[in-house]
Amino acid sequence: MRRWIVGIGIGTLVAVLYLASPFVGLYRLGSALRSADAEVLLERIDIAGVRRSIVSQIVAEIGRDEEVQRHLDKLGGIGRDMALRAAAGEFDRHLAATVTPEILRLLLSEGRLPPALSLGAAEASSPAPAIGLPDNPLRFLRSWDYVSPRKVRAVIGEAGEPEDWTEVVLFLKGATWRLTEVQLPPSVMARVRPVLKAKIQDLRS
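Taking this note's numbering, I'd label the letters of the sequence shown as residues 97 to 301.
Written as structure tokens, this is what we have:
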């Protein structure tokens, strides 16, 4: 009987530690974003994964633009898919060339947009506060969802309006919860929409 009790106790402890670990990982992510140590950032953030998540959001935003939709509709189903893939590849190349660990740190800690999502130096230096995660993300945790045993989704926002909240996805790799995806707030996507349209015009010309 005692062995059963010990076994149940150990199992309960392991379950509690597992359930708490993503929250600890999110807190440590907030600390890493305030650190100037690139090695610490790379340990906590999947740079390529975050970049791809931003590119996916950009392509979805492009597809919702009425003018772009008209051009895509003329291409038909296959042509539309090819055009969107080409746009995704182009934006991925732009971001791959500019999204360094430091740029990503500034994006997530201060809301400073990467050059590829800015119309000019002045806008790049002007923060979009809605993106920036607070020092302690747990204080402003709006929702939390276990997508799978190794993947969690969290919505974080200091502002009162949902359009200013940032969604992040953490993935458990080894013993470390790493940031793998970021969904920019709707208010930020509205801000970069003119940039996206300008870049699409460049691609068509």
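For each residue, glycine too, the CB sits at the ideal point set by N, CA and C. In this text the structure is predicted, and so the values were computed from the model without any measurement.
Assumed close pair residue i, residue j - CB separation to whole angstroms, cut-off 8 Å
{"i": "residue 235", "j": "residue 251", "result": "Actually they are not in contact, since the Cβ atoms of residue 235 and residue 251 sit about 13 Å apart, beyond 8 Å."}
{"i": "residue 146", "j": "residue 266", "result": "With a Cβ gap of about 11 Å, residue 146 and residue 266 do not count as contacting."}
{"i": "residue 128", "j": "residue 140", "result": "4 Å"}
{"i": "residue 240", "j": "residue 253", "result": "No, residue 240 and residue 253 are not in contact; Cβ-Cβ is about 13 Å, not under 8 Å."}
Pick from the options that is closest to residue i, judged by C-alpha positions
{"i": "residue 230", "options": "261, 205, 280", "result": "205"}
{"i": "residue 263", "options": "269, 284, 116", "result": "284"}
{"i": "residue 281", "options": "124, 116, 149", "result": "149"}
{"i": "residue 207", "options": "287, 249, 139, 123", "result": "287"}
{"i": "residue 151", "options": "197, 210, 124, 198", "result": "210"}
Straight-line gap, residue i to residue j (C-alpha atoms, nearest Å)
{"i": "residue 259", "j": "residue 269", "result": "30 Å"}
{"i": "residue 219", "j": "residue 137", "result": "Unreliable placement is indicated for residue 219, whose pLDDT of 47 sits below 50; no coordinate value is reported for it."}
{"i": "residue 233", "j": "residue 200", "result": "17 Å"}
{"i": "residue 278", "j": "residue 143", "result": "11 Å"}
{"i": "residue 117", "j": "residue 135", "result": "21 Å"}
{"i": "residue 48", "j": "residue 126", "result": "This structure leaves residue 48 out entirely; the chain is present only between 97 and 301."}
{"i": "residue 289", "j": "residue 153", "result": "11 Å"}
{"i": "residue 131", "j": "residue 178", "result": "40 Å"}
{"i": "residue 291", "j": "residue 133", "result": "31 Å"}
{"i": "residue 248", "j": "residue 122", "result": "10 Å"}
{"i": "residue 221", "j": "residue 242", "result": "Legend: pLDDT at residue 221 = 48, less than 50; position of this residue unreliable, value from coordinates given subsequently. Between residue 221 and residue 242, the C-alpha separation is close to 35 Å."}
{"i": "residue 124", "j": "residue 255", "result": "22 Å"}
{"i": "residue 192", "j": "residue 257", "result": "31 Å"}
{"i": "residue 246", "j": "residue 198", "result": "27 Å"}
{"i": "residue 196", "j": "residue 244", "result": "29 Å"}
Assigned exposure category for residue i - 16 Cβ within 10 Å defines buried
{"i": "residue 217", "result": "Residue confidence for residue 217 is low, a pLDDT of 45 falling below 50, so the modelled location carries little weight and cannot support an answer."}
{"i": "residue 185", "result": "exposed"}
{"i": "residue 272", "result": "exposed"}
{"i": "residue 188", "result": "buried"}
{"i": "residue 182", "result": "exposed"}
{"i": "residue 203", "result": "buried"}
{"i": "residue 115", "result": "exposed"}
Below-8 Å beta-carbon distance, residue i vs any chain B residue
{"i": "residue 252", "result": "The structure shown contains no chain B, having only a single protein chain."}
request  = At 4 residues or longer, and completely inside the stretch 127-159: list those alpha helix (DSSP H) runs for me, N to C.
outcome  = 134-140
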